Amino acid sequence: MTVILEALRYLGYVLVFPGFLFCFLAGMLLCGIDRKLVAKMQKRVGPPILQPFYDFFKLCGKETIVPAAAERISFMLAPLLGLAALVVIQLFIPVFSFTAFYGMADIIVILYLLLIPAISIIMGGAASGSPYAGVGLSREMVTIISCELPLVLVLLAVAKTVGSAMGTGLCFSLSDIAEYQEINGSLITRISMLPAAAAMLLVIPGETGSHPFDTAEAETEICEGLLAEYSGAALGVFKLSHAVKMLTLSSLFAALFLGGLGTGILVLDALLLFLLCAGITAVSISLVHAVTARLKIEQIFKFYWTVVSLPALLSLVLAWYGL
Amino acid sequence: MNLLGNVLSYQHFPIYAIMVLFMGSFLIAAFGENRRVRNILALLSITASLIFSLLLINPVILRGEIIGYWMGARSIAGGYAIGIALEVDALSLFFALLAACAIFVSGVYSIQYMSRDDNEKEYYTLYLLLCGGVMGMVLSGDLFNMFIMVEILTFAAVALTAFRNTARGAVEAAFKYLVVGCMGSTFILVGTAMLYAQTHTLNLAQLAQLVPGNMNTATKAAFALLFVGFGTKAFIVPFHPLAADAHGAAPASVSVIISGVLTKSGIYGIIRITYFLFQSMGLGTMQFLLVFIGSVSMFVCVTMALAQHDFKRLLAFHSISQIGYVLTAVGLCTALGLSAGLYHAINHTLFKGLLFLAAGAVLHETGTTDLNKLGGLARKMPHTTVLFLIGALSISGVPPFNGFASKWLIYQATYQKAVESGNIGFLLVTVIALITSVLTLASFVKVSHSVFFGQLPPELEKVKEVSWGMRFAMGIFALLCIVTGLFPNLVTTYLTEPAAAAAFSVQRYIEAMGFDGSAAVEILAGSFRYAGVWEPVSWLLVLCIALLAVTIAALAGRYDNVSLCRTAAGDSKYQLFYGGEEQSFSQLGGDDMFWGFKHNWRGYFSFMHRLHSGIVNDYALWAVADLALVMLFSLIVL
Amino acid sequence: MDFPFIKEAISQLFSKSSCAMYPAVPSEAAPGYRGRIVYHPELCIACGMCERVCSGNAISRSVEHLEDGRDKITLTFNLGSCTFCATCADFCTKHAIEFTGDYHMVATKEEDLLVRGSFIKAAPKKKAPAAAKPENCSAQVQTEASGVKPREDGKPVNDQSRCVYCTLCAKKCPAEALTVDRTAKTWTLDEDKCVSCGTCAQVCPKNCIIMG
Amino acid sequence: MFKKLIEESTGRSPWLFHINAGSCNGCDIELVSVLTPRYDAERLGFKLAGSPRHADIVVVTGPVTKQSLPRVLRTISQVPEPRCIVTMGSCPQSGNVFRGSYSVAGPLSKYVPVDVDVAGCAPKPEAVIDGLALAAKILKEKRGRMK
């Protein structure tokens with residue numbers, strides 16, 4: 031009996047709270063808030079907050095065309111796989127003191143799991159056979175390479191800071207990082223972590239592929255790149271994945287740097303997490319979107335490996351010497 | 000009955016495992032005219048070798064014995080070993096198992112893969128010689144025998160590289176390999192001779208007993224000679240261009256052996272000399288040497304791979320890049336590091352074998368491995384595509400495949416080493432390893448797009464899926480990739496940790512052969528705890544549940560309401576969007592796919608381009624220069 | 057990399073948007089905007105000038121012969137073919153064509169974009185009783201009509217019996233050699249200015265200018 | 011309920027794909043100006059899509075020249091159902107001043123059923139918004155008729 035209850039509880043985690051339903055609602059709302067904020071910053075009225083929901087449901091009602099040249103199974107499976115992988119990452123990211131799946135994955139795993147949605151979109155695009163997707167694929171991959179270095183440095187800096195504070199030398203476990211922050215306050219209050227937090231804020235738009243780092247999906251030059259041949263429900267799932275990715279990365283940021291703010295009540299924590307995510311999105315995605323123009327792909331690479339990596343490296347060195 | 004029991008004692012299994020391969024080789028040379036006889040002989044010998052290796056797991060790994068085996072009842076006279084000895088500890092057996100597995104799968108694959116070539120008899124003779132050489136080298140307890148086996152495998156590998164000598168560049172590649180490979184063998188021979196002059200013995204155990212206490216200029220020079228000699232066999236930087244040429248030319252089944260097994264034997268040699276013979280791994284400088292060469296191999300080769308446009312050459316460079324991971328982890332000299340490195344060695348053999356076989360399948364069906372001429376094969380060769388993707392995701396370290404499990408350990412090991420030693424340099428190694436991993440992913444995205452996805456060139460319309468035998472061979476590797484990825488604890492507990500522990504118990508190694516091991520320099524392995532957690536099975540379970548949930552939700556939302564092209568004639572609705580133009584063949588070339596990345600590194604790439612001149616004289620010079628540097632280094636630090 | 061607009065972006069976050077909330081708040085077209093055509097058939101004399109000058113072939117005229125002998129003339133303006141250049145309105149001497157500021161020209165059917173107007177032209181009937189009184193008169197007219205001879209120097213001659221004094225020839229004359237007074241019904245040619253280009257004859261809707 | 015949700019959403023998020031079939035660029039500029047902060051069609055859910063596969067509404071400008079005709083038809087056929095075709099400006103409806111030219115194959119309605127005509131040369135952005143809103147309504151009706 032207890033086994034069944036336990037199984038149901040975990041099923042509930044996957045389907046409802048940090049999992050599927052939460053990801054869907056929170057991610058879509060986050061996306062809507064982002065669009066609204068960008069519009070506001072550009073002196074526009076902007077779409078209603080619920081616009082991403084409208085877009086998603088509309089796409090569900092459209093015809094899904096599979097091109098004759100496409101590899102059908104990969105083409106249809108890729109969106110689902112990407113979404114599922116993202117939902118699973120969300121399960122591993124602690125919501126303050128609460129972690130749905132405790133002791134299953136650490137930050138290195140998260141780093142690699144974040145590649146799976148990117149790989150799935152790349153596979154889907156490549157399977158469509160479109161030449162636009164080929165160009166998009168090349169750019170998407172370079173964007174991933176670009177983001178990887180600063181992200182790695184940020185994660186290592188956090189691991190070192192928490193590890194040396196806990197006396198184990200280094201700590202990769204996200205729930206341990208959350209626990210540490212519960213006791214000692216948020217990491218962002220430490221001076222050595224400030225550059226890393228700034229770098230992470232700039233990594234988020236690159237990882238989600240939002241403006242100005244959206245060369246891979248540049249709709250005006252390469253017809254949305256990897257998504258060029260997607261239509262209907264499959265496209266809707268990709269749009270949903272994009273929204274969930276925003277949620278995932280911003281809640282990763284919250285888990286890494288803004289831990290220890292939780293109230294201990296799960297519902298309030300979830301709400302607080304969502305608000306924090308909205309704040310992080312507003313700064314790192316919306317603001318950057320509103321004030322920049324799309325970069326060229328080699329500029330993205332240069333930007334991430336210099337401008338963003340340097341503060342992250344600084345943070346790592348500071349953490350190394352125990353500041 | 001007693002005799003039979005004696006013959007079937009596990010003490011004899013190591014020599015059986017070696018000899019069946021050599022016997023198979025000689026028998027095929029003698030009676031291999033008939034195709035069926037030849038295949039049966041080859042299969043029998045590789046299967047027997049695999050079985051003998053597997054049977055050794057119980058005593059050596061589970062019970063922790065070290066088998067010291069003297070051939071011809073000769074052993075120790077006057078305090079010096081004079082017989083031919085085999086010594087099998089967990090480390091040797093680890094590499095032997097790896098070799099036996101790869102040999103078995105590649106042998107099964109060969110039967111159909113090579114069926115279109117003539118001179119199959121010679122192929123199998125050389126192939127089994129190569130396998131026997133590898134097996135003999137890792138199980139040998141004698142430095143000179145190691146040299147002999149290295150010679151056998153080098154010459155067999157050279158001959159097999161030139162096997163398809165009608166192909167462009169095959170003879171040239173073989174010649175390069177011959178020149179530099181012979182230099183490497185010579186280094187090993189000279190090193191062996193110098194050690195013999197100093198210690199009057201060739202037995203590994205006795206050398207391990209005598210050498211560390213009697214270090215002088217000659218033994219230091221011998222170290223450098225042996226190190227560089229085995230380095231040549233492992234193709235670590237600066238010998239990597241040879242691997243690229245050799246893999247590009249050799250048949251895929253041979254590439255599997257060269258990259259999966261031959262390079263490992265080089266790594267095995269390096270471990271033997273650094274951990275056992277000279278017991279110098281405790282020195283920070285020696286760790287620096289290994290980690291430095293490992294990291295440079297890792298990074299240089301992955302960037303070189305990004306610039307390739309030939310499937311097999313690209314794989315060859317990746318092969319060295321992964322060997323760089325192994326060497327780096329081995330060079331850390333911690334229990335975690337060595338275990339991680341050996342884990343990665345297993346994984347490298349599996350996924351690189353799988354990838355080479357997939358490349359071979361593509362070559363077998365299309366006749367080319369040029370990335371710019373291929374494309375869209377996923378619709379023609381679906382199984383090969385899936386198998387290739389498993390290999391590609393494994394090598395890129397995507398969870399839950401095996402590459403991730405070992406890389407995860409390597410990152411922890413390097414980082415932990417950095418924290419323990421307080422040396423920020425090791426941290427740089429962690430970062431390099433992580434970046435290398437994502438660059439690996441990039442180049443496999445390139446391959447999968449250029450070969451399996453994208454558009455099918457019109458001239459490849461008639462391509463068919465490869466035969467079941469070849470798919471079966473690839474399937475074994477793919478299955479092993481998944482299994483070793485899903486159960487990392489089993490692999491570490493039953494394979495890598497015993498092997499790593501063996502590397503740290505030199506004293507037992509010496510004593511197993513009947514020598515006095517009390518003088519051995521014990522390197523403290525140190526205990527470790529994982530800094531993070533990774534549960535692949537539970538993760539996969541959660542992913543499956545999530546995927547199921549997403550799929551059900553999607554199907555409820557009419558996700559299956561797709562419209563497919565029903566007519567044979569080109570309905571414009573189902574054509575690709577070409578900005579309104581009619582669909583025509585257009586495939587992004589694999590050559591310069593990531594120019595956004597390469598553009599920023601153009602200085603580096605043009606430097607690399609000039610460096611890899613393809614002239615064998617240059618490569619020979621590199622070998623000599625490398626030897627000089629390592630010798631200088633070892634003279635100073637040892 | 058710097059973000060030069062970051063201050064503006066943040067300040068605009070709290071300021072009012074610059075949107076014209078169009079469907080909710082109706083918006084007037086700017087003065088002089090040329091939108092939907094309004095046609096006043098009661099003013100039209102069916103001279104056909106508009107049809108002739110229209111570059112987009114948007115104007116068509118159909119004539120329906122009524123039972124009482126009169127003609128019902130219908131002018132159709134196809135807004136879907138119109139370039140809104142307003143040349144027709146310019147040329148219309150009767151000001152029967154008007155361009156309004158109404159820009160809501162959205163239709164699901166082509167019909168909805170047609171502006172129609174018709175009037176009954178009594179002109180032939182009017183002439184018939186006038187011709188009936190003196191019988192020879194009509195013959196005279198006819199001989200007059202045929203009697204107008206082209207001038208030998210190639211300059212235009214006006215058949216005043218048919219002229220409606222629409223002044224188009226005067227407007228079109230590149231040399232400004234023609235003066236037409238509509239009230240006095242006079243047509244005069246300044247022979248010194250005339251260059252005999254033939255434009256007046258070409259544009260005349262009634263074909264009453266005869267060139268040599 | 012799901013079907014109702016879809017139907018409700020269809021009218022609220024029409025994505026446009028713009029085809030220039032030989033236009034003089036007047037209408038193109040007006041169409042883009044609809045998306046500027048001044049008119050901001052995004053507040054009604056309109057968005058310019060990059061690929062016909064993503065689009066709901068195809069906006070055609072220009073008199074449909076002989077060169078562009080097959081491309082226009084091919085691109086329109088690649089738009090998934092339900093779709094709506096809007097002609098913008100006089101050119102695609104009639105050929106306008108280009109009518110009768112050797113290179114003009116229009117009007118568009120000869121080849122595909124056109125749902126909404128927006129007249130004007132070029133139409134005012136408000137008129138474009140009117141037209142697109144009408145198209146979105148038609149889209150919703152079409153969606154309701156599906157299945």
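Protein chains in written order, with this note's numbering: chain R, 31 to 353; chain B, 0 to 637; chain S, 57 to 268; chain D, 11 to 157.
By construction, the Cβ of each residue, glycine as well, lies at the ideal position given by its N, Cα and C atoms.
This structure is a prediction, so every number in the text was calculated from the model and none was measured.
> Roughly how many angstroms lie between the CA atoms of residue 639/B and residue 577/B, to the nearest whole one?
Replying inline: Because chain B in this structure spans residues 0 to 637, residue 639/B falls outside the shown range and cannot be described.
>> On the DSSP letters alone, give me the boundaries of the alpha helix (DSSP H) that residue 214/R sits inside.
In response: 204-214
> With C-beta atoms as the reference, is residue 571/B less than 8 Å away from residue 93/R?
Replying inline: Taking a C-beta distance under 8 Å as the contact criterion, residue 571/B and residue 93/R do not qualify as a contact pair.
>> Just to confirm my understanding: we take residue 252/S, look at its own chain, exclude 5 residues before and 5 after, and list those with CB closer than 6 Å. What are they?
In response: Taken in chain order, the residues that qualify are 210 and 211.
> Does DSSP put residue 504/B in a helix, a strand or coil?
Replying inline: Residue 504/B falls in the coil class under three-state DSSP.
> In chain R, what lies closer than 8 Å to residue 65/S by C-beta?
Replying inline: 71, 72, 317, 320 and 321
>> Given this structure, state the Cα-to-Cα distance separating residue 148/R from residue 10/B, to the nearest angstrom.
In response: 52 Å
> What whole-angstrom Cβ distance do residue 68/D and residue 29/D have, given they're in contact under 8 Å?
Replying inline: 6 Å
> Quick one: any contact between the stretch 251-266 of chain S and the stretch 11-27 of chain D, if contact means 3 or more CB pairs under 8 Å?
Replying inline: no
>> Does the stretch 381-392 of chain B come into contact with the stretch 345-354 of chain B, if we say contact requires no fewer than three beta-carbon pairs (one atom in each stretch) closer than 8 Å?
In response: yes
> Comparing the C-beta of residue 143/D with each C-beta of chain S, is any distance below 8 Å?
Replying inline: yes
>> With distance defined between alpha-carbon atoms, name the residue in 99/R, 146/R and 136/R nearest to residue 275/R.
In response: 146/R
> Grouping DSSP H, G and I as helix and E and B as strand, with all else coil, what is residue 245/S?
Replying inline: strand
> On the three-state DSSP scale, how would you describe residue 63/D?
Replying inline: helix
> What did DSSP end up calling residue 256/S once you bin it into helix, strand or coil?
Replying inline: helix
> I think residue 31/D touches residue 70/D, with their Cβ atoms under 8 Å apart; what is that distance to the nearest whole Å?
Replying inline: 6 Å
>> Let me confirm a value: residue 603/B is counted as buried when at least 16 other C-beta atoms fall within 10 Å, else exposed. Which label applies?
In response: exposed
> Hey, does residue 92/R have any beta-carbon neighbour from chain D nearer than 8 Å?
Replying inline: yes
> By how many angstroms is the C-alpha of residue 53/D removed from the C-alpha of residue 95/D?
Replying inline: 21 Å
>> Run through chain E and tell me which residues come within less than 8 Å of residue 544/B, C-beta to C-beta.
In response: Protein chains R, B, S and D are contained in the structure displayed, whereas chain E is not.
>> Can you tell me whether residue 214/S is helix, strand or coil according to DSSP?
In response: strand
>> Let me check understanding here. Comparing Cα to Cα, which of 400/B, 302/B, 330/B and 481/B lies closest to residue 438/B?
In response: Comparing Cα positions, the closest option is 302/B.
> Near residue 22/D, which residues of its chain fall below 6 Å by C-beta distance, leaving aside the five closest residues on each side in sequence?
Replying inline: 55
> Got a sec: is the Cβ-Cβ distance from residue 327/R to anything in chain D below 8 Å?
Replying inline: no
>> Measuring only the C-alpha atoms, how far is residue 139/S from residue 131/D?
In response: 5 Å
> residue 61/D touches chain B at which residues, Cβ-Cβ below 8 Å?
Replying inline: 576
> Using the rule of at least 16 other Cβ atoms within 10 Å of the residue's Cβ for burial, across every protein chain shown, is residue 11/D buried or exposed?
Replying inline: exposed
> For residue 40/B, which residues of its own chain have a beta-carbon under 8 Å away from its beta-carbon, when the five flanking residues on both sides are left out?
Replying inline: 23, 26, 27, 30, 31 and 123
> If residue 242/B and residue 234/B are in contact, beta carbons under 8 Å, what's the gap, nearest whole angstrom?
Replying inline: 4 Å
> Can you tell which of 17/B, 436/B, 180/B and 231/B has its C-alpha closest to the C-alpha of residue 127/B?
Replying inline: 17/B
> What residues are listed by DSSP as bridge partners for residue 155/S?
Replying inline: 93/S
>> Give me the subset of the stretch 145-175 of chain S whose CB atoms are less than 9 Å from a CB atom of chain D, sorted by chain position.
In response: 159, 160, 161, 162, 163, 164, 165, 166, 168 and 169
> Using a C-beta to C-beta distance shorter than 9 Å, which residues of chain R count as neighbours of residue 74/S?
Replying inline: 73 and 74
> residue 166/B and residue 129/B look like a contact to me (Cβ under 8 Å); what is the Cβ gap, rounded to whole Å?
Replying inline: Going by Cβ atoms, the distance from residue 166/B to residue 129/B rounds to 19 Å, so no, they are not a contact pair.
> Taking the Cβ atom as the reference point for each residue, do residue 132/B and residue 45/B lie within a distance shorter than 8 Å?
Replying inline: no
> Between residue 553/B and residue 263/R, which are expected to be in contact by the criterion C-beta below 8 Å, what is the C-beta distance as a whole number of angstroms?
Replying inline: 7 Å
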